[in-house]
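The next block holds one structure in the form of structure tokens; read it before the comments.
Protein chains: 2
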Amino acid sequence: MRPTVHDIAAAAGVSLATVDRVLNQRPGVRNVTREKVESAIREIGYVRDVAAANLAKGRTYPFVFIVPASDNSFMHGLNAEVRAAVARSPVERTDIRTIEVPAFDPAALAAALDTLRSERPAGVALVATDAPEVRDAVDRLVQDGIPVVTVVSDLTGSQRHHYAGVDNIAAGRTAARLLGRFLGGASGDVAVLAGSMLVRDHRERLEGFAAVMAEEFPGLSILPVIEGRDDPDMAHMLVSDALSKRDGIIGVYSLGAGNRGLIRALKEKSVDRALAVIAHELTDHTRTALLDGTIDAILNQDAGHEVRSAIRVLKAKADGLSVIDAQERIRLDIFLKDNLP
Amino acid sequence: MRPTVHDIAAAAGVSLATVDRVLNQRPGVRNVTREKVESAIREIGYVRDVAAANLAKGRTYPFVFIVPASDNSFMHGLNAEVRAAVARSPVERTDIRTIEVPAFDPAALAAALDTLRSERPAGVALVATDAPEVRDAVDRLVQDGIPVVTVVSDLTGSQRHHYAGVDNIAAGRTAARLLGRFLGGASGDVAVLAGSMLVRDHRERLEGFAAVMAEEFPGLSILPVIEGRDDPDMAHMLVSDALSKRDGIIGVYSLGAGNRGLIRALKEKSVDRALAVIAHELTDHTRTALLDGTIDAILNQDAGHEVRSAIRVLKAKADGLSVIDAQERIRLDIFLKDNLP
DNA sequence: AAGAATTTGATTTACGTACATCAAAAATGA
DNA sequence: TCATTTTTGATGTACGTAAATCAAATTCTT
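Residue numbers (my numbering), protein chains in the order written: chain W, 1 to 341; chain B, 1001 to 1341.
Next comes the structure, spelled out in structure tokens:
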């Protein structure tokens, strides 16, 4: 049987009340006594029964999710997953509040984070905009002892406890190798469609993509990045334009959102020529395009996994427990038309 | 606040004791009363607090894992993951016992399953050997009300509650498309190395592989399957032999274990020619081979996820709760050298 | 309608932890 | 050494559920 607080008390030769004072860092314990209790805890391998503790405390975990107010499929999906988590709240003892902040607005995000310092939630998850003021605001929360995890997009050099998202450099590298291999040694141009180079994920994907292209596929040259601002119409226009102007384009890498416009442009031109196309994020549109052959592969991060992982990690941090690293690694999904979920 | 048993009692106009009788299916309740209570439960949306219930019951979940005594990297990894789950047992309130049965021996597996009928564990997870007697034994357990999940390999037509493993037909199809695309329209022969065609996963992978090859890559023809019995030396010999005899081989698909021998054979021959190679299961050997270019892609199922998912599902079934389907879907991992974990 | 059988209510204890209160003991200061 | 402060012990209640007991009420039989 698993040891209880009574076992600690017996092992340390103190009373239950003293054990309680040590366990919950209440005042009024001499250092010698505290150490006696702590070593007893270590010796008998006591682990607090979190379920019983939460029951006694009537504890719920007040968490805050900060998401950007972006109007693209991926963010909609992420929001849906957060809502699903809210729906599970009573069972999971969480109490999740969502804050929307303008996208790409570091000041607004930092302000929102600072608001939380006085509110003192049990944990904060945010889709980070990679800027110094955001980093500093996150570090302040961490200093205050509030667990913080970044979701989808990480924050350079911050003290956040965890990042629930994919390795975007690896994603870009993977895209490059797939595209290169699919093109089988042919020479030509590769178009890259991004949302904005101000977003860290996009920059990183491009960085990884360019690196592998340069190292391994010298026959392929990357054209100047097209920034579609994750907007379908803009993407459609820019991609159509590029395809008409440049005959040498034999591959396309879409590393952001706004794939609807890309797909439309590709379909209009695909009568003329075959392109190898890799896109990010599995949505209804990209799924259809993958199935009909417009897109050859989709790289995806599972928003549901990211949200659930963020919550698990925040809970563990709030309880001072460790996490199963392998379980919390967010994997890069590669979908061909055969392994779609 | 979340409703409790007291709220049910008040809503249904009965006593706590009666609510308890209904909730825990104890005898001595008239049907009209039972229905009154049940509709009250539905109306106020009561969900049993599993943590509190387990605390009261002092419950642990006695689970049994049945794994084949196979001596290959994948099964070693699976065993390690089960042991890791055992190490977490006190915290997760599980009590996991492992039974080893001879591999590819349906009778032994069925016998082991039947033993469990009297033991009545809270759940059983097994790596299924796909045979009628196993199916019948599983169905008997299910009839007895014991939750059963298959892991890694599924069981045709059985009543098992859940399968924690990948879709192997999809895996084979994915391998075929990757290989076909990597070969970029070239014509030639493709060698397939399997463990044994008696195992369902291997048969299914081959089936999916062959289907896509026939549909989409008519220039590639699949040679008769090499059965290496998941044995490195045997695989080495057979593959070396095939590569020497057939100059037309330009691609290899290894859908089972025993990749060490394959890799050795490939390295010996690779000086002469470039092959596209796809293999299953990420191990130290295949990882190294992927990094040095001997293998082009690895398809993988994460044994840790499978074990943890199996346990979550068994718990949920034992508690009569539902599972988050998307969370329990075991995904096919595709690894190129750039996205290795 | 009486007696038996069944159904329902009321109440208690327990699980492991948190938290509060009050009394007792020990350490500290002058 | 005495008064004061600090530390420790003892005890009780609570969280939401399970499980048991015994008494009371209701239904069923004949």
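Every residue gets a Cβ at the ideal spot worked out from N, C-alpha and C, and that includes glycine.
Under 7 Å from the C-beta of ASP1292 of chain B: neighbouring residues of chain W: The contacting residues do not exist; ASP1292 of chain B stays about 14 Å from chain W at best.
Closer than 9 Å at the beta carbon, the chain W residues around GLN1301 of chain B: In chain order: nothing, as chain W lies at least about 12 Å away.
Under 7 Å by beta carbon: chain B residues contacting PRO341 of chain W: ARG1329
CB contact below 7 Å: ILE249 of chain W versus chain B: no
Proximal residues of chain W, C-beta to C-beta of ARG1002 of chain B below 8 Å: PRO90
Alpha helix (DSSP H) segment containing ARG1097 of chain B, residue limits: No alpha helix (DSSP H) contains ARG1097 of chain B, which is instead part of the beta strand (DSSP E) from 1094-1101.
CB of GLY1165 of chain B within 7 Å of CB of ALA1257 of chain B, strictly: no
Distance between ALA131 of chain W and ASN259 of chain W (C-alpha atoms, nearest Å): 26 Å
Extent of the continuous beta strand (DSSP E) to which PRO1221 of chain B belongs: According to the sequence shown, residue 1221 of chain B is Ser rather than Pro. Its beta strand (DSSP E) spans residues 1220-1222.
Which of helix, strand or coil DSSP assigns to HIS1280 of chain B: strand
Delimiting residues of the alpha helix (DSSP H) encompassing THR150 of chain W: Per DSSP, THR150 of chain W belongs to no alpha helix (DSSP H); it is in the beta strand (DSSP E), 148-151.
Given 8 Å, three or more beta-carbon pairs between the segment 285-305 of chain W and the segment 333-341 of chain W: yes
Straight-line gap, VAL149 of chain W to LEU255 of chain W (C-alpha atoms, nearest Å): 23 Å
Beta bridge counterpart(s) of PHE1063 of chain B as assigned by DSSP: B:ILE1096, B:GLY1123
Under 7 Å by beta carbon: chain W residues contacting ILE1334 of chain B: ILE334
Helix, strand or coil at GLY188 of chain W according to DSSP, with G and I counted as helix: strand
Interface residues of the segment 177-192 of chain W facing chain B [CB-CB below 9 Å]: ARG177, LEU178, ARG181, PHE182, LEU183, GLY184, GLY185, ALA186
Sequence-distant residues of its chain with Cβ nearer than 8 Å to ASP1231 of chain B (five each side left out): GLY1258, GLY1261
Run of the alpha helix (DSSP H) containing SER1244 of chain B, from where it starts to where it stops: 1232-1245
Rounded straight-line distance, which links the Cα of VAL239 of chain W to that of GLU81 of chain W: 31 Å
Cα-Cα separation between ASP1319 of chain B and VAL1050 of chain B, rounded to whole angstroms: 8 Å
Beta-bridge partners of GLY251 of chain W, as assigned by DSSP: W:VAL190, W:ALA276
Cβ-based neighbour list, VAL199 of chain W, same chain, cut-off 8 Å, excluding 5 preceding and 5 following: PHE104, THR129, ASP130, SER153, GLY256
Contact under 7 Å by Cβ, ARG1203 of chain B with MET1197 of chain B: yes
Backbone CA spacing between LYS1267 of chain B and GLY123 of chain W [nearest angstrom]: 51 Å
Exposure of GLU1043 of chain B, with buried meaning 16 or more beta-carbon neighbours within 10 Å: exposed
Chain W within 7 Å of LEU1206 of chain B, Cβ atoms only: no
Beta-ladder partner(s) of ALA297 of chain W, from DSSP: W:ILE278
C-alpha gap between ASP136 of chain W and ILE99 of chain W, whole angstroms: 19 Å
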